[in-house]
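Below is one structure, written out as structure tokens; comments come after it.
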Amino acid sequence: MLLRSAGASLVLVAFASCGARTGLFGPDVDVSIAVDASVDVSIAIDASIDVQVDATPDVSVPDVIEEPTGCVPGTFPFTPATSQIMFVLDRSRSMLYRLDQNVVAEPGVTSRWTALRDALDQTITPFSGEIAMGARFYPVLNASGEAPGACQQDPEGAAIAPALDNAENILRVFRDATPIGGTPTARAIELAARESSGRRSVARAILVATDGAPNCNQDLEPASCTCTAPVTPGNPCNASGPGDGSNCLDDAATVSIIREIAEERNTPVYVVGIGVTGGFASTLDAMAIAGGRPRNAVPRYYPAETPAELRAAFGVVRDSVAKCSYVTPSSPNDPDFITVNVAGFDVPRDPDHEGGWDWIDREFGQLQLFGAACAAATASNVAGTIICDRPDAASNDR
33 MLLRSAGASL VLVAFASCGA RTGLFGPDVD VSIAVDASVD VSIAIDASID VQVDATPDVS
93 VPDVIEEPTG CVPGTFPFTP ATSQIMFVLD RSRSMLYRLD QNVVAEPGVT SRWTALRDAL
153 DQTITPFSGE IAMGARFYPV LNASGEAPGA CQQDPEGAAI APALDNAENI LRVFRDATPI
213 GGTPTARAIE LAARESSGRR SVARAILVAT DGAPNCNQDL EPASCTCTAP VTPGNPCNAS
273 GPGDGSNCLD DAATVSIIRE IAEERNTPVY VVGIGVTGGF ASTLDAMAIA GGRPRNAVPR
333 YYPAETPAEL RAAFGVVRDS VAKCSYVTPS SPNDPDFITV NVAGFDVPRD PDHEGGWDWI
393 DREFGQLQLF GAACAAATAS NVAGTIICDR PDAASNDR
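Be aware that the sequence shown starts at 33, since it is given in this note's numbering, and climbs by one per residue.
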């Protein structure tokens with residue numbers, strides 16, 4: 033949030049203009065499979081979800097786009113996909129607030145910033161050697177309390193690039209930084225998507241953890257927008273000058289960019305709201321749905337008003353990324369010409385993502401398990417039978 037903002041609410045991911053842009057991620061993106069928008073997950077149970085990634089991406093080198101998986105009939109074991117999580121982490125001034133109140137945490141009381149650090153430490157450190165992790169913190173480290181400085185963002189490539197054994201590098205930022213400035217989540221999530229791998233033969237996800245409504249879009253009109261903080265009488269949305277929409281709610285653009293990332297890059301965006309939500313819970317819900325992996329409960333984003341809830345939310349996403357994405361060596365020409373078997377039992381295709389499986393990217397042989405199917409899966413007990421050609425009518429009549 034901006035320094036002038038007195039309230040704090042939750043928010044997630046976004047983009048800094050008022051609509052999604054076609055071709056936002058450049059010519060390396062060749063993705064056509066849309067991501068469905070629900071998942072069987074509650075804050076305390078093992079759930080399932082999807083993702084896509086390279087273990088050691090280098091943002092200075094163009095991503096390699098693999099050839100699509102061809103169709104070969106037969107029964108095959110499925111291989112767990114390499115997993116990556118790109119964290120997009122809020123360090124605006126309101127992260128100094130208490131989890132349960134929109135006031136600065138007094139000495140001896142855990143702040144949102146400290147709770148975020150501790151939850152990450154406990155959930156990602158044990159898996160640092162198994163999941164490629166990266167992080168983009170926003171706003172910039174030396175942000176100011178006033179716009180436009182409060183809305184500055186590190187340039188592309190300045191984030192911690194996803195790699196194995198990266199947990200300590202991410203946690204070190206918490207020791208070296210103090211929250212300040214606004215909440216430019218839109219720009220942060222756009223850059224994080226660019227800094228994630230563009231490869232399609234692996235599983236990647238973006239997880240955004242924030243406590244404030246997205247703002248910092250100066251293209252919005254302060255006289256007519258929804259403000260993210262109490263306003264000063266006579267000064268629409270606490271604008272620093274004509275046309276300054278930095279304190280305006282940047283919800284429409286946020287939802288658009290998240291949806292574009294989920295659908296065009298097949299990269300789900302998980303939304304974790306830290307602390308009390310205030311009047312912006314609906315914004316967080318819309319972002320979680322657009323990201324393709326909301327909770328199958330109300331609210332749709334992952335709420336975390338206690339340290340335990342924050343740890344549980346991260347644990348659900350971590351386990352889903354690590355356990356439940358698989359790669360097939362053969363891809364059917366028809367999306368339904370496949371039987372998926374987990375631990376000796378056939379599981380149904382489930383577009384609602386509650387308890388079966390669904391395609392992440394059929395062309396490249398990626399699928400995701402959900403609910404009970406995810407919980408039962410291991411590295412060696414998932415397989416499938418694939419048919420390449422539709423049986424003829426005579427065969428169907430017999």
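C-beta atoms are modelled at their ideal positions from N, C-alpha and C, and glycine is treated no differently.
Proximity of residue i and residue j at Cβ, strictly below 8 Å
| i | j | result |
| --- | --- | --- |
| N279 | A261 | yes |
| A194 | A237 | In the sequence as displayed, the identity of residue 194 is Pro instead of Ala. Cβ distance not < 8 Å, so P194 and A237 don't count as in contact. |
| G106 | S412 | no |
| A175 | L223 | no |
| G244 | T264 | no |
| L401 | W391 | no |
| A344 | D282 | no |
| R204 | Y170 | no |
| A347 | T101 | Note that residue 347 is Gly in the sequence shown, not Ala. Not in contact: G347 and T101 (Cβ atoms no closer than 8 Å). |
| R149 | V141 | no |
| D317 | P300 | no |
| F159 | G416 | no |
| T157 | A225 | no |
| P364 | C420 | yes |
| D378 | T371 | yes |
| G177 | I212 | yes |
| A179 | S272 | yes |
| V304 | Y333 | yes |
Unbroken beta strand (DSSP E) run spanning residue i, endpoints
| i | result |
| --- | --- |
| P109 | 106-109 |
| A195 | 192-195 |
| D378 | 377-379 |
| D390 | 389-393 |
| T417 | 414-418 |
| V374 | 370-374 |
| G166 | 164-170 |
| G273 | Careful: G273 lies outside any beta strand (DSSP E) and carries neither H nor E. |
| V21 | The structure shown does not extend to residue 21, since the chain spans only 33 to 430, so no value can be given for it. |
| V240 | 235-242 |
Length of the line joining the Cα atoms of residue i and residue j
| i | j | result |
| --- | --- | --- |
| V353 | A255 | 43 Å |
| R125 | K355 | 35 Å |
| S70 | P187 | Per-residue confidence for S70 stands at a pLDDT of 36, beneath the threshold of 50, marking its modelled position as unreliable; the derived number appears in the next sentence. So the two alpha carbons sit approximately 33 Å from each other. |
| P335 | A241 | 10 Å |
| D251 | V308 | 28 Å |
| V349 | G266 | 44 Å |
| V374 | F110 | 10 Å |
| L342 | P268 | 35 Å |
| V83 | T114 | Confidence is the limiting factor: at V83 the pLDDT is only 35, short of 50, which leaves the residue's position unreliable, though a coordinate-based value still follows. Using only the alpha carbons, I get a separation of about 10 Å. |
| N270 | G310 | 19 Å |
| Y358 | D368 | 17 Å |
| M127 | G376 | 47 Å |
| D276 | S314 | 24 Å |
| E138 | C183 | 26 Å |
| R231 | P274 | 43 Å |
| N247 | E227 | 22 Å |
| V136 | I306 | 14 Å |
| L121 | E162 | 21 Å |
| I418 | D366 | 10 Å |
| S229 | F312 | 31 Å |
| D208 | Q185 | 17 Å |
| L152 | R325 | 20 Å |
Span of the alpha helix (DSSP H), counted from its first residue to its last, around residue i
| i | result |
| --- | --- |
| D351 | 339-355 |
| G403 | 403-408 |
| L203 | 199-208 |
| L121 | Counting along the chain, L121 falls outside any alpha helix (DSSP H), though it belongs to the beta strand (DSSP E) covering 115-122. |
| A225 | 217-227 |
| A151 | 144-156 |
Under the three-state DSSP convention, the category residue i falls into
| i | result |
| --- | --- |
| C183 | helix |
| V63 | Residue confidence is low: V63 scores 29 on pLDDT, short of 50, so the model does not pin down where it sits. No coordinate-derived value is stated. |
| L281 | coil |
| R325 | coil |
| C259 | strand |
| V136 | strand |
| R125 | helix |
| P331 | coil |
| V43 | Here V43 scores only 33 on pLDDT, less than 50, and its place in the model should not be relied on; the value that follows carries that caveat. Here V43 sits in coil by DSSP. |
Nearest to residue i (by Cα), restricted to the options the options
| i | options | result |
| --- | --- | --- |
| D197 | Q116, P139, N267, M127 | Q116 |
| A322 | A294, V374, R422 | A294 |
| I221 | R291, L342, D384 | R291 |
| E386 | L399, A235, A404, E162 | A404 |
| D132 | T338, F312, A320 | T338 |
| C103 | T210, Q185, G397 | G397 |
| R168 | T410, G181, W145, I202 | I202 |
| N298 | D393, P326, T410 | D393 |
| A329 | S229, D384, L121, A408 | D384 |
| V234 | M319, A320, L399 | L399 |
| L173 | F206, L152, A151, D153 | F206 |
| A320 | I289, C259, E296 | I289 |
| T210 | E99, C257, W145 | W145 |
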